[in-house]
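Just so we're aligned, residue 399 is where the sequence shown starts under our numbering, counting upward by one. The block underneath contains the structure these notes are about, expressed in structure tokens.
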Amino acid sequence: MAPAAAGLLAAGALALPAGTARADQAAQDVPAAEAAGSVVEVTGSQGDWQLTVDGSPYQIKGLTWGPAMADAEKYMPDLASMGVNTVRTWGTDATSEPLLDAAAAHGIKVIAGFWLQPGGGPGSGGCVDYLTDTAYKDEMMAEFPNWVNTYKDHPGVLMWDVGNESVLGLQNCYEGDELEQQRDAYTAFVNDLSEEIHSVDPNHPVTSTDAWAGAWPYYRKNTPDLDLYAVNAYKDACGIKSAWEEGGYDKPYIVTESGPSGSWEVPDDANGVPGTESDEVKAQGYTDAWDCIAGHEGVALGATLFHYGTEADFGGIWFNLLPGDERRLSYYAVKKAYGGDTSGDNTPPVISALTVGGGADEVPAGGALTVDAEASDPDGDPIAYEVLSGSLYVDESTELKPLEASDDGSGSLEVTAPDRPGVWEIYVKATDGQGNVGYRSQSVKVVPPPVDGTNIAQGRPATASSFQPDSGDCPCPADKAVDGDHGTRWASDWSDPQWLQVDLGSVQSFQHVQLNWETSYGKAYTIQTSDDGENWRTVHEVTDGNGGIDDFDVTGSGRYVRVEGTERGTAYGYSLYEFGVYN
Numbered sequence: 399m400a401p402a403a404a405g406l407l408a409a410g411a412l413a414l415p416a417g418t419a420r421a422d423q424a425a426q427d428v429p430a431a432e433a434a435g436s437v438v439e440v441t442g443s444q445g446d447w448q449l450t451v452d453g454s455p456y457q458i459k460g461l462t463w464g465p466a467m468a469d470a471e472k473y474m475p476d477l478a479s480m481g482v483n484t485v486r487t488w489g490t491d492a493t494s495e496p497l498l499d500a501a502a503a504h505g506i507k508v509i510a511g512f513w514l515q516p517g518g519g520p521g522s523g524g525c526v527d528y529l530t531d532t533a534y535k536d537e538m539m540a541e542f543p544n545w546v547n548t549y550k551d552h553p554g555v556l557m558w559d560v561g562n563e564s565v566l567g568l569q570n571c572y573e574g575d576e577l578e579q580q581r582d583a584y585t586a587f588v589n590d591l592s593e594e595i596h597s598v599d600p601n602h603p604v605t606s607t608d609a610w611a612g613a614w615p616y617y618r619k620n621t622p623d624l625d626l627y628a629v630n631a632y633k634d635a636c637g638i639k640s641a642w643e644e645g646g647y648d649k650p651y652i653v654t655e656s657g658p659s660g661s662w663e664v665p666d667d668a669n670g671v672p673g674t675e676s677d678e679v680k681a682q683g684y685t686d687a688w689d690c691i692a693g694h695e696g697v698a699l700g701a702t703l704f705h706y707g708t709e710a711d712f713g714g715i716w717f718n719l720l721p722g723d724e725r726r727l728s729y730y731a732v733k734k735a736y737g738g739d740t741s742g743d744n745t746p747p748v749i750s751a752l753t754v755g756g757g758a759d760e761v762p763a764g765g766a767l768t769v770d771a772e773a774s775d776p777d778g779d780p781i782a783y784e785v786l787s788g789s790l791y792v793d794e795s796t797e798l799k800p801l802e803a804s805d806d807g808s809g810s811l812e813v814t815a816p817d818r819p820g821v822w823e824i825y826v827k828a829t830d831g832q833g834n835v836g837y838r839s840q841s842v843k844v845v846p847p848p849v850d851g852t853n854i855a856q857g858r859p860a861t862a863s864s865f866q867p868d869s870g871d872c873p874c875p876a877d878k879a880v881d882g883d884h885g886t887r888w889a890s891d892w893s894d895p896q897w898l899q900v901d902l903g904s905v906q907s908f909q910h911v912q913l914n915w916e917t918s919y920g921k922a923y924t925i926q927t928s929d930d931g932e933n934w935r936t937v938h939e940v941t942d943g944n945g946g947i948d949d950f951d952v953t954g955s956g957r958y959v960r961v962e963g964t965e966r967g968t969a970y971g972y973s974l975y976e977f978g979v980y981n
């Protein structure tokens, strides 16, 4: 069985159409396309199948669709130039018409998807009980055929694809015997949908996508009305053939997502996070996947590789062929695999090696950071560099943010390290001025800067105005902020003001304070001291805090030292990993 993480990145990288929010009424407002659709069939017999369009053989050479539906006309000429004849979507609704129109105008067809909960990853929308939730099933049974009826005669339609990785995704909702019952009930419902879709549209096949071939026994048992199977497979794309043969299946299949290894399939690096593969390895991943799929003749009817996307976030840099509308090495690998003309192509710079922090195991937050990139351009174009940081492993954000960098022209870049401790992904982006881009990244562990002196607050008794008793990783009482562990924290109620104080045991002088904020930080706060715990004097004030590490010299004395927050930086409370007071 594939790990629970399989498909998470893929699902996180796509945007589901608005139709997944139930748009039955909207379908009534969309005029049906003129009757100019193709007749698409799965023909042949065991081990010798083919897909035909109006009687002619059709091998799917496709990509999953990433841009906005409304931008389809902008990108379809590019897809056609790559040799692409098919795109795949995850949802079908009123927004799908521009995509279908543009695809048909350029000789491209669409595998039109329908999303079913829970799906395989983020964006799934929660769990469904397929044994008892008749309201949900009735809603889908009305919605999907409605859109099929709307677009069944559109020349852009190739086939219908019901669901995405839900046999896998159900393991996030159920376990044991109940999980097995739900998987049976889900695939039986897929069959009900397939029967209804066929009754509305007999001229296009119906399939259903899941995340690994281990889902196929459920489909074989419960979905006889499907015309073919569909599977998403990345690193294991070349293992699908043997899985099909060993399973003794009697239907052909398509691969609806594939490419290089996903983040869930690669070894962790020295910092315990997935090690990102180079552009060369990723490009080879697309080539190898397509070769294995195309090599299963008579059974594998083609693929839509992942992903014709333009997002330049974590998932986009991992997979997309043109993040930020700039073409990757993988773009050209897919183009070559699909028979596009590559003879006159100018191709991207390649970063062959990357060193972050001079190879140091740890770098201080907010300190100087050296990033060395070894890159070359096959066409001799000058290379421009950018450095970006990603905090996915710090706060689960997929956004990449540029770091101000000085470049000596040799690929050695000086930047300021992120201000927040944790494992960060540092990216180097190399562009050639010809619309091409190369990426390479490496993780780096950012730690609080060292402080001269002794932390006299560590291990001392601490109290707070409030604390979170049971949410997330809590309880998060006051003493977690002075235990010397940057992985535990104090977290307050979600209101202003809030305070945390530490008892030093006696009146003591100090000269430095270091605060290590969690995501929920103090925008405005004061550092106060007291000899008796009742009468306080302010020794430092901050009005423009931005989280991360706050590190400052401050002269003070007292038995008690307190940080009092008066304005939160987020809608949540105040949250401190460590409150250090140094003599």
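Using N, Cα and C, we set each Cβ at its ideal position, and we do this for glycine too. In this text, all values refer to a predicted model and were calculated from it rather than measured experimentally.
- The alpha-carbon separation between Tyr549 and Lys535 amounts to approximately 22 Å.
- Around the CB of Thr852, fewer than 16 other CB atoms lie within 10 Å, so the residue is classed as exposed.
- Cβ neighbours of His504 within its own chain (closer than 8 Å, five residues either side excluded): Met474, Pro475, Leu477 and Ala478.
- Asp775 and Asp743 have their C-alpha atoms roughly 13 Å apart.
- Beta bridge pairing from DSSP links Ser973 with Ala889.
- For Pro848 against Ile947, the beta-carbon gap comes to about 12 Å, at or over 8 Å, which does not count as contact.
- Relative to the Cα of Ser564, the nearest Cα in the group Phe587, Val546, Gly554 and Pro553 belongs to Phe587.
- Taking the Cβ atoms as the reference, Ser863 lies roughly 5 Å from Trp897, within the contact range of under 8 Å.
- Excluding the 5 residues flanking it on each side, Tyr923 has same chain C-beta neighbours closer than 7 Å at Val940, Gly943, Val961, Glu962, Gly963 and Thr964, in chain order.
- Within the stretch 608-657, the runs of beta strand (DSSP E) that reach at least 3 residues and sit entirely inside it are, in chain order, 627-630 and 651-655.
- Taking all protein chains shown into account, Asp677 has 16 or more neighbouring C-beta atoms within 10 Å of its C-beta and is therefore buried.
- Only buried fits Thr927, as 16 or more other CB atoms lie within 10 angstroms of its CB.
- Residues Gln448 of the same chain have their beta carbon placed closer than 6 Å to that of Gly442, with the five preceding and five following residues left out of the count.
- Comparing alpha-carbon positions, the option among Ile781, Val826, Asn620 and Pro816 lying closest to Gly807 turns out to be Ile781.
- Distance from Gln580 to Leu568 at the Cβ level is roughly 5 Å; contact confirmed, criterion being Cβ atoms closer than 8 Å.
- Short of 8 Å from the beta carbon of Asn589, and not among the five residues preceding or following it, lie these beta carbons of its own chain, in chain order: Asn620, Thr621, Pro622, Asp623 and Leu624.
- The Cβ atoms of Ile509 and Thr708 lie no closer than 9 Å to each other.
- DSSP, reduced to helix, strand and coil, places Glu794 outside both helices and strands of the structure shown, so it counts as coil.
- By the Cβ rule, the stretch 822-841 counts as touching the stretch 738-755, because three or more pairs are nearer than 8 Å.
- The Cβ atoms of Val546 and Asp599 lie closer than 9 Å to each other.
- Shown here for Asp666: same chain residues with a beta carbon closer than 7 Å to its own, the five before and five after excluded, namely Pro672 and Gly673 in chain order.
- Distances from the CA of Lys459 to each of Pro747, Thr605, Tyr684 and Ala609 were compared; the closest alpha carbon is that of Tyr684.
- In the three-state reduction of the DSSP assignment, Lys550 falls in the coil class, being assigned neither a helical nor a strand state.
- Segment contact: the stretch 789-798 against the stretch 761-768, fewer than three CB-CB distances shorter than 8 Å; contact not assigned.
- Ser795 and Trp610 have their C-alpha atoms spaced approximately 27 Å apart.
- Per DSSP, reduced to three states, the secondary structure at Leu529 is coil, with no helix or strand assignment.
- Leu720 carries a coil assignment under DSSP once its states are collapsed to helix, strand and coil.
- In this structure Ser728 is in contact with Lys680, their Cβ atoms being roughly 5 Å apart against a cut-off of 8 Å.
- Distance from the Cα of Ser869 is smallest, within the candidate group Ser890, Asp877 and Gly885, for Ser890.
- When only Cα atoms are considered, Ser839 and Leu566 end up about 30 Å apart.
- Note on Gln515: 16 or more other CB atoms within 10 angstroms of its CB, so buried under the neighbour-count rule.
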